[in-house]
Amino acid sequence: MSVETKVPETAHTVYGVKDYKSDLKSIWCPGCGDFGVVSSVYKALARLQLPPENVAIISGIGCSSRLPGYVATYGFNSIHGRAVPISTGVKLANPELTVLAVGGDGDGFSIGGGHIVHAARRNVDLTYVIMDNQVYGLTKGQYSPTTPMGDVSTSTTLGSIESPLNPMLLCLSYGVGFLAQCFSSDTKMLAEMIADGIQYPGFAVINVISPCPTFRGHDQFKTIKEVAVDLEEEGHDPSNFDMAMKVTRRPDHQNCFGLIYREDKPSYHARLEKVRERSRARGVYEAADVLKQFDV
Ligand code: SF4
Ligand code: MG
């Protein structure tokens with residue numbers, strides 16, 4: 000069951016996909032999966048008719064973290080692993096902005112791995128698009144937290160001896176309220192999930208299996224397509240936490256695509272507004288009242 004994206008009824012088509020494309024020439028390798036992701040970002044923004052000046056895209060470091068440069072919105076290719084906390088700061092400073100955090104598996108699950116849990120428990124209204132290619136592409140193909148055990152990389156020349164991390168299980172355990180997984184080649188599904196994630200009033204994570212043909216081979220696109228599972232067609236119910244957990248624990252969880260879990264709960268800003276109301280009701284402290292607390 001997918002949750003329909005609701006475009007405001009009054010919306011007219013003002014912005015087309017081309018309005019979100021920047022003039023910066025891409026330096027991604029030909030055939031990189033990330034092309035499908037940026038194309039889906041354009042489609043999602045156009046679908047929601049978001050004015051480019053009302054959108055900010057924040058990334059960390061890595062091949063996929065170049066994405067903000069290719070979109071004609073505000074953007075920041077920031078520091079390694081810090082896309083989520085910087086996005087949180089941007090959103091808190093200007094809640095009117097639509098804020099997307101983007102980056103790769105190394106950036107998000109290794110260097111920045113500790114940030115996802117805090118974004119999830121705060122439930123700040125962000126959409127985090129992770130491009131998982133199972134490798135550190137920018138630094139020439141070292142194994143990453145999601146590289147399958149046994150796989151050869153430039154830093155595991157006899158095969159990785161580490162268990163790969165399970166991003167979906169991790170996000171669900173952390174309490175992420177909107178969780179989807181997509182394949183970069185399926186830009187229809189991916190654009191829909193990004194649009195739905197943007198409209199979700201809280202922390203939305205979209206894990207994208209986005210192959211790196213340069214370091215992990217061209218075959219992946221064909222192989223993944225052959226084994227892809229469409230969760231909606233399988234009858235998956237994303238409102239059911241136990242079913243979502245089962246999906247993340249399937250041996251083929253990396254090939255399961257669609258909305259995995261959605262739970263509507265108050266966002267950080269909704270809770271903050273309640274605190275503001277309480278503060279207004281209590282009134283302003285006089286300086287003397289504050290100083291009294293330190294009377295000895
Ligand atoms: Fe894409 Fe891999 Fe090339 Fe990086 S190295 S741009 S991830 S194909
Ligand atoms: Mg990577």
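Sequence positions in the sequence shown follow numbering that gives the first Met the number 0 and run 0 to 295. Built from N, CA and C at the ideal position, the CB exists for glycine as well.
1. For ligand 3, is there any heavy atom lying closer than 7 Å to the beta carbon of SER143?
2. Whole-angstrom Cβ separation of ILE259 and VAL246, contact assumed at under 8 Å?
3. Determine whether the Cβ of SER109 lies closer than 8 Å to any Cβ atom of chain B.
4. Name, in chain order, the residues that DSSP records as bridge partners for ARG261.
5. Would you report the Cα separation of LYS24 and TYR69, rounded to the nearest angstrom?
6. Give the straight-line distance between the Cα atoms of VAL151 and LYS139, rounded to the nearest whole angstrom.
7. Taking the CB atoms as reference points, tell me whether CYS31 and PRO212 lie closer together than 8 Å.
8. Between the alpha carbons of GLY15 and ASN53, how many angstroms are there, rounded?
9. Give the range of the alpha helix (DSSP H) segment to which TYR41 is assigned.
10. Touch check for the region 172–187 and the region 143–159: three-plus C-beta pairs under 8 Å?
11. Anyone know if the C-beta pair for ALA100 and TYR173 falls short of 8 Å?
12. For the structure I just gave you, are there three or more beta carbon pairs, one from the region 214–222 and one from the region 194–202, closer than 8 Å?
13. Would you tell me roughly how many angstroms separate the C-alpha atoms of ASP288 and PHE256, rounded to the nearest one?
14. From the DSSP output, in three-state form, read off THR97 for me.
15. With which residues is GLY103 paired in a DSSP beta bridge?
16. Closest to ASP18 by CA distance: which of GLN219, SER38, VAL98 is it?
17. Report yes if the C-beta of PHE202 is less than 7 Å from at least one heavy atom of ligand 1; otherwise report no.
18. What would DSSP say about THR247, mapped onto helix, strand or coil?
19. For the candidate residues PRO67, LEU164, LEU290, whose alpha-carbon lies nearest to that of ARG248?
20. Can you give me the start and stop residues for the beta strand (DSSP E) that TYR267 sits inside?
21. List the endpoints of the continuous beta strand (DSSP E) containing GLY74.
22. Considering only the alpha carbon of each residue, which of ARG277, HIS114, ILE57 lies closest to SER77?
23. Residue range of the alpha helix (DSSP H) that ALA55 falls in?
24. Under the three-state reduction of DSSP, which class applies to ALA203: helix, strand or coil?
So, to answer that:
1. Ligands present in the displayed structure are limited to ligand 1 and ligand 2, and ligand 3 is not among them.
2. Here residue 259 refers to the residue found at position 260 when the sequence shown is read from its first residue. Here residue 246 refers to the residue found at position 247 when the sequence shown is read from its first residue. Right, the Cβ-Cβ distance comes to about 5 Å (below 8 Å), so this counts as a contact.
3. The chain inventory of the structure shown lacks chain B, comprising one protein chain alone.
4. As a working note, residue 261 is residue 262 in the sequence shown. In DSSP, ARG261 forms a bridge with PHE177.
5. Position 25 of the sequence shown, counted from the first residue, corresponds to residue 24. Position 70 of the sequence shown, counted from the first residue, corresponds to residue 69. Cα to Cα, LYS24 sits roughly 8 Å from TYR69.
6. Along the sequence shown, one-based indexing puts residue 151 at 152. Along the sequence shown, one-based indexing puts residue 139 at 140. When rounded, the distance between both Cα atoms is 13 Å.
7. As a working mapping, residue 31 is identified with position 32 in the sequence shown. As a working mapping, residue 212 is identified with position 213 in the sequence shown. Yes, the pair counts as a contact, with Cβ atoms nearer than the cut-off.
8. Residue mapping note: residue 15 aligns to position 16 of the sequence shown, counting from 1. Residue mapping note: residue 53 aligns to position 54 of the sequence shown, counting from 1. Going by the C-alpha atoms only, they are around 15 Å apart.
9. On the sequence shown, position 42 is the one that residue 41 refers to. DSSP places TYR41 in the uninterrupted alpha helix (DSSP H) bounded by 33–47.
10. Verdict: no, contact absent.
11. In the sequence shown, residue 100 corresponds to position 101, counting from 1. In the sequence shown, residue 173 corresponds to position 174, counting from 1. One thing to note: ALA100 has its Cβ no nearer than 8 Å to the Cβ of TYR173.
12. Result no; under three Cβ-Cβ pairs closer than 8 Å.
13. Numbered from its first residue, the sequence shown carries residue 288 at position 289. Numbered from its first residue, the sequence shown carries residue 256 at position 257. Distance between the alpha carbons of ASP288 and PHE256: 57 Å.
14. On the sequence shown, residue 97 is found 98 positions in, with the first residue counted as 1. Looking at THR97 - three-state DSSP - the assignment turns out to be strand.
15. For the purposes of this step, residue 103 is taken as residue 104 along the sequence shown, with counting starting at 1. Beta-bridge pairing links GLY103 to MET130.
16. Mapped onto the sequence shown, residue 18 falls at position 19. Out of GLN219, SER38, VAL98, SER38 has the C-alpha closest to the C-alpha of ASP18.
17. What you label residue 202 is simply residue 203 of the sequence shown in a count that begins at 1. With a cut-off of 7 Å, the C-beta of PHE202 is classified as distant from ligand 1, since no heavy atom of the ligand falls inside that distance.
18. Start at 1 with the first residue of the sequence shown, and residue 247 comes out as number 248. Three-state DSSP puts THR247 in a helix.
19. Locating residue 248 in the sequence shown gives position 249, where the first residue counts as 1. LEU164 is the residue among PRO67, LEU164, LEU290 whose C-alpha sits nearest the C-alpha of ARG248.
20. The sequence position of residue 267 within the sequence shown is 268, counting from 1. Where TYR267 is concerned, there is no enclosing beta strand (DSSP E), although the alpha helix (DSSP H) it sits in stretches over 267–281.
21. Numbered from 1 along the sequence shown, position 75 holds the residue referred to as residue 74. 73–76 is the span of the beta strand (DSSP E), which, as asked, contains GLY74.
22. As a first step, residue 77 must be located in the sequence shown, where it is residue number 78. Nearest C-alpha to SER77: ILE57.
23. Position 56 of the sequence shown, counting from 1, holds the residue named residue 55. Careful: ALA55 lies outside any alpha helix (DSSP H), inside the beta strand (DSSP E) at 54–58.
24. Here residue 203 refers to the residue found at position 204 when the sequence shown is read from its first residue. Per DSSP, reduced to three states, the secondary structure at ALA203 is strand.
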